[in-house]
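In what follows, a single structure is set out as structure tokens and then discussed.
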Amino acid sequence: MQEFNHGSRSAADIQSLVNQITGTNGAAYFRESGYSIPNGIISRWPILASGSWEDMDTGVNDRGFAWARIDLPGPTDLYVVSVHLKASSGSSNQTRRNAQATQLKSEITTNFPPDSWIVVAGDLNAYSTTEPAVVTLSSFLKTSPDAVDNLGDPDTNAGRSSPYDHVFASNSLANHQIASVVGSQSFPVGLVFDSRVFTPLADVSPVQSRDSGVAGMQHMAVVKDFRIGFTVTNLVEVSSPRLSLQATNRIGWKGPSGLTYTVEGSFGLPVWIF
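In numbering that gives the first Met the number 0, the protein residues as written are 0 to 273.
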């Protein structure tokens, strides 16, 4: 998440946004402090550690590089970095973005274990996939093939003319990439979501066709999916609860303690009530 602001920016408002995104109350997140447009990371899984690396570009002082270590199911953790590189065209800005990418490479290789599952995602403000910053990050992470929209366009800025935004993955994680499924459609390399071209919009209700073009909308969302496998070693099987007549006109369920059950009951068998 870039420019991670919402409502009054209070902890309650930020948590409300996080819950809406994940569909889970109290979902985990990390958001940089001390910046006007902070980067952040949102997760359905617990965040074990997090922090922010200072951007060494002295002209970029309103955000850093947010990172988090996420406790995925299974033995392997996920390391995520949220980035927002220097904006604007021109060779000098390209040089500055590449310096930021070089710093990121150094921070990641220094602070994350070798062969980790890593995602670096966000707004690179890159005008092409051959720009030096993209090349630098691609030297140890994988973004190709880039996600595309319904029409096969990988560009992500508002005017759909430049590939500003990317999801990079370490090679060890990229091997687990699968198609992104949205509604009735499947996108083999991931999805750039633009409501102005996505069809059918019924698959993403209540989104309206104009939503991606509203004033202030500068970027499209980029979606990539990865499937991981793990072995459960602490599985405990429990017997099913048993329904018994406990007394006249009184029936009850009996099962192992410490578990939560959903029981259906009704005065008439044709209409069951949860």
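Ideal Cβ placement from N, Cα and C applies to all residues, glycine included.
None of the values given here were measured: they were computed from a predicted structure.
Inset, instruction - Report the residue ranges of all alpha helix (DSSP H) runs contained in full by the stretch 57-123; include only those spanning at least 4 residues, in chain order. - result: Complete alpha helix (DSSP H) runs here, min 4: 90-110.
Inset, instruction - In angstroms with no decimal places, state the Cα-to-Cα distance between F111 and S81. - result: 15 Å
Legend entry - CB-CB length for W66 against W44, believed under 8 Å: At roughly 15 Å, the Cβ-Cβ gap does not stay under 8 Å, so W66 and W44 are not in contact.
Inset, instruction - Quick one: using the 10 Å Cβ neighbour count with 16 as the cut-off for buried, is G63 buried or exposed? - result: buried
Inset, instruction - Kindly give me the distance between the Cβ atoms of Q19 and D122, rounded to whole angstroms, as I take these residues to be in contact under 8 Å. - result: Wrong, their Cβ atoms sit about 21 Å apart, outside the cutoff.
Inset, instruction - Work out the CA separation of L244 and S238 for me, nearest whole Å. - result: 19 Å
Inset, instruction - Label N38 either buried or exposed according to how many other C-beta atoms from any shown protein chain fall within 10 Å of its C-beta, with 16 as the threshold for buried. - result: buried
Inset, instruction - Name, in chain order, the residues that DSSP records as bridge partners for R249. - result: A246
Legend entry - Residue from I46, G50 and T23 with nearest C-alpha to G33: It is G50.
Inset, instruction - Determine the extent of the beta strand (DSSP E) in which L190 is found, giving its start and end residues. - result: L190 to F192
Legend entry - V349: first and last residue of the uninterrupted alpha helix (DSSP H) it sits in: Residue 349 is absent from the model: the chain starts at 0 and stops at 273.
Inset, instruction - Could you please give the first and the last residue of the uninterrupted alpha helix (DSSP H) stretch that includes S137? - result: P131 to S137
Inset, instruction - Look at the alpha carbon of A173 and the alpha carbon of T21, and state the distance between them as a whole number of angstroms. - result: 23 Å
Legend entry - beta strand (DSSP E) segment containing L234, residue limits: Looking at the DSSP string, L234 is not in any beta strand (DSSP E), and its letter there is neither H nor E.
Legend entry - Every unbroken beta strand (DSSP E) inside the stretch 141-188 [3 residues or more]: 164-168, 179-181 and 184-186
Legend entry - S256, DSSP secondary structure in three states: coil
Legend entry - Buried or exposed (CB count within 10 angstroms, at least 16 for buried), M219: buried
Inset, instruction - Check whether the stretch 94-111 touches the stretch 143-163, counting contact only when three or more Cβ pairs, one atom from each stretch, lie closer than 8 Å. - result: no
Legend entry - Opening and closing residue of the beta strand (DSSP E) in which S7 lies: Careful: S7 lies outside any beta strand (DSSP E) and carries neither H nor E.
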